[in-house]
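Protein chains: 2
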Amino acid sequence: MSQTAVQARSERYEELLRAAAECFQSRGFAATSIDTVARHLGATKGRVYHYFPSKMDLFNAVRERAMDLVFAASDDGYAMQGSPAERLYEMSAGHVRSMIDDLPYMHVLVDGLQMLRYSTTTQFQREAMEAHLARRDVYEQRFREVVVEGVADGQLHVGPQLSVTIQSFMGTLNGPVFWYRPRGDDTSESRQAIVDDVVRFALSGLGLNEESITLYSSQSRKVFA
Amino acid sequence: MSQTAVQARSERYEELLRAAAECFQSRGFAATSIDTVARHLGATKGRVYHYFPSKMDLFNAVRERAMDLVFAASDDGYAMQGSPAERLYEMSAGHVRSMIDDLPYMHVLVDGLQMLRYSTTTQFQREAMEAHLARRDVYEQRFREVVVEGVADGQLHVGPQLSVTIQSFMGTLNGPVFWYRPRGDDTSESRQAIVDDVVRFALSGLGLNEESITLYSSQSRKVFA
DNA sequence: AAGGAAACATACTACTTGGTATGTAGTCAA
DNA sequence: TTGACTACATACCAAGTAGTATGTTTCCTT
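Chains U and S are the protein sequences, given in the same order.
Residues in the first sequence are numbered consecutively from 1, following this note's numbering.
Residues in the second sequence are numbered consecutively from 1001, following this note's numbering.
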């Protein structure tokens, strides 16, 4: 294939992936048919099956892409220099920002974790699911690690059962996928204001004092596209 | 009908409702067929349709029951004498306790709110949905009201956008439906420990100081069945 | 005892859906 | 130009599902 052909294919693939994410977001996995996704693109099943061998593969592709995005969103904070609380702030802000900016993908990501429910039948699907869960564990472990460091140096406080607190914390960061919906009049700044409030609540839940939160918030580089 | 017959029917109805809740919990609405629910009871469709005219009616019945339960769970705290923070603590503890104790119903409740997604077709279903949402608003309004009082008297602190903080707060209280699963070895006390941690995180997120949380926690009557 | 209603089970229909098999228009290299 | 290949669309099938119509058994009332 020529160079432009490769790029064209990649663009079509992305278009399909996003359409699938939007459909899965708005109707859920089971209620979304392949025809639904195709119609959403003004196409037919043929196009979908040309790129993905099955509905589950399409769904998995969306999930993995979402995982890529959320990793990328918290990478900077995780890698940065600074106190655990400060790093956690940046990781959280990146995560929440991604929840809002990549809403369709992130909705599928969060929703898909619930999908352990659909007792996935085939062996291959089970493997894909386990690989996905492994990535998720790695991701959560990042946050858990930084939280524990923050507790150790006294900036953060957790309840007797760390895992419960972590679940509550991560759940708060994921929260926007359930209630945020883009509006015509929201700007990058208005989105950032939402991110700030969510992160403030989450870190306050970990016992970080308000002064530190306000400080980190003001220090955080907020690049508005 | 005789008295015992009425009671028998009520018991069968409850049995069906619970079975439906469990199926909807584990597979979601779209992926749950009427036959699934029936098989879960060791019965057939006939029995389900004898009590409910349609799948959607069954689902709505589960949701309304869940709403009843969650209202009841926070009633005592809402009605009690005390500071806003103290009342909010009790309301939250009752809410979270209910999330854990009535997990199948509550999962459907939380999940069902997402179901605005399924663009409900018929007029009747839309009315049921709106009635349900109205109840939910009343419920959330209770919490919002007490939070606002707590902010007014200085015990609680929220971000610039109250609604975002409230969403995060309620989301935290609902969190257990996503990650808590009953285990063979959990007792009423171990469940209460989870409740305590979730409520601690949530109220800490609202800026309530740790001493107050610990105080309310110790004061809270914890009746272990 | 008899009649009827309640509480289901069984059988069936119309429709949807995941997946496949096949057709076809455009593209591109030789 | 032509043959192969890409990128779909169309037609089709088997399986599953919501809902209905019709038994059948048990129980309650009279």
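Glycine residues also receive a C-beta, built at the ideal position from the N, C-alpha and C atoms.
Everything numeric in this text was worked out from a predicted model, so none of it was measured.
How would you list, in chain order, the residues of chain S whose beta-carbon sits under 8 Å from the beta-carbon of Arg191 (chain U)?
As a position in the first sequence, residue 191 (chain U) is number 191, starting the count at 1. Neighbours of Arg191 (chain U) in chain S, taken as residues whose beta carbon is under 8 Å from its own, are absent, since the nearest beta carbon is some 11 Å off.
Coil, strand or helix - Asn209 (chain U) by DSSP
As a working mapping, residue 209 (chain U) is identified with position 209 in the first sequence. Correct three-state label for Asn209 (chain U): coil.
For Ala1038 (chain S) and Glu1015 (chain S), I'd like the C-alpha separation in whole angstroms.
Start at 1 with the first residue of the second sequence, and residue 1038 (chain S) comes out as number 38. Start at 1 with the first residue of the second sequence, and residue 1015 (chain S) comes out as number 15. Between the C-alpha atoms of Ala1038 (chain S) and Glu1015 (chain S) there is a straight-line separation of about 11 Å.
Can you tell me where the alpha helix (DSSP H) with Met80 (chain U) in it begins and where it stops?
The residue given as residue 80 (chain U) occupies position 80 in the first sequence. For Met80 (chain U), there is no enclosing alpha helix (DSSP H), as DSSP marks it with neither H nor E.
Short of 7 Å Cβ to Cβ, which residues in the segment 82-111 of chain U face chain S?
Cβ contacts with chain S: none found.
Nearest neighbour of Arg144 (chain U), chosen from U:Ala21, U:Leu206, U:Glu130, U:Leu133 [CA to CA]
As a first step, residue 144 (chain U) must be located in the first sequence, where it is residue number 144. Measuring C-alpha to C-alpha distances from Arg144 (chain U) to each of U:Ala21, U:Leu206, U:Glu130, U:Leu133 identifies U:Leu206 as the nearest.
Proximal chain S residues relative to Gly46 (chain U), where beta-carbon distance stays under 7 Å
The residue you call residue 46 (chain U) lines up with position 46 of the first sequence. The premise fails here: Gly46 (chain U) is roughly 24 Å from chain S at the closest Cβ pair, so nothing lies under 7 Å.
Give me the Cα-Cα distance between His50 (chain U) and Tyr13 (chain U), rounded to the nearest whole angstrom.
On the first sequence, position 50 is the one that residue 50 (chain U) refers to. On the first sequence, position 13 is the one that residue 13 (chain U) refers to. His50 (chain U) and Tyr13 (chain U): Cα-Cα distance of roughly 10 Å.
Which residues in chain U sit within 7 Å of Asp1197 (chain S), going by Cβ to Cβ distance?
Along the second sequence, one-based indexing puts residue 1197 (chain S) at 197. Contact annotation for Asp1197 (chain S) against chain U: Gly159, Pro160, Gln161, Val164, Thr165 [CB-CB distance below 7 Å, chain order].
Counting C-beta neighbours from all protein chains within 10 Å, is the total for Phe124 (chain U) 16 or more, i.e. buried, or is it exposed?
Taking the first sequence and counting its residues from 1, the one referred to as residue 124 (chain U) is at position 124. Under this definition Phe124 (chain U) is an exposed residue.
Whose C-alpha, out of U:Leu103, U:Met67, U:Gly159, U:Gln114, is nearest the C-alpha of Ala30 (chain U)?
Walking along the first sequence from the start, residue 30 (chain U) turns up at place 30. Nearest C-alpha to Ala30 (chain U): U:Gln114.
Proximity winner among S:Asn1174, S:Glu1140, S:Ser1083, relative to Met1106 (chain S) (alpha-carbon distances)
Position 106 of the second sequence, counted from the first residue, corresponds to residue 1106 (chain S). Of the candidates S:Asn1174, S:Glu1140, S:Ser1083, the one whose C-alpha sits nearest the C-alpha of Met1106 (chain S) is S:Asn1174.
Could you give the first and the last residue of the continuous alpha helix (DSSP H) run that contains Gly1159 (chain S)?
Working through the second sequence from its first residue, we reach residue 1159 (chain S) at position 159. Secondary structure note for Gly1159 (chain S): it is in no alpha helix (DSSP H), with a DSSP letter that is neither H nor E.
Taking C-beta pairs closer than 7 Å, name the residues in chain U that Thr1187 (chain S) reaches, listed in chain order.
If you number the second sequence from 1, residue 1187 (chain S) lands on position 187. Residues of chain U passing the Cβ test: none, with the nearest at roughly 14 Å.
How is the alpha helix (DSSP H) around Thr36 (chain U) delimited, first residue to last?
For the purposes of this step, residue 36 (chain U) is identified with residue 36 of the first sequence, where counting begins at 1. Here the alpha helix (DSSP H) through Thr36 (chain U) covers 34-40.
As assigned by DSSP and simplified to three states, the class of Thr1214 (chain S):
Within the second sequence, the letter at position 214 stands for residue 1214 (chain S). Thr1214 (chain S) falls in the helix class under three-state DSSP.
Are the beta-carbon atoms belonging to Met227 (chain U) and Val147 (chain U) less than 8 Å from one another?
One cannot answer for residue 227 (chain U) here, as it falls past the ends of chain U, which runs 1 to 225.
When the Cβ atoms of the segment 1154-1161 of chain S are set against those of the segment 189-202 of chain U, are three or more pairs found closer than 8 Å?
Yes: at least three Cβ pairs fall under 8 Å.
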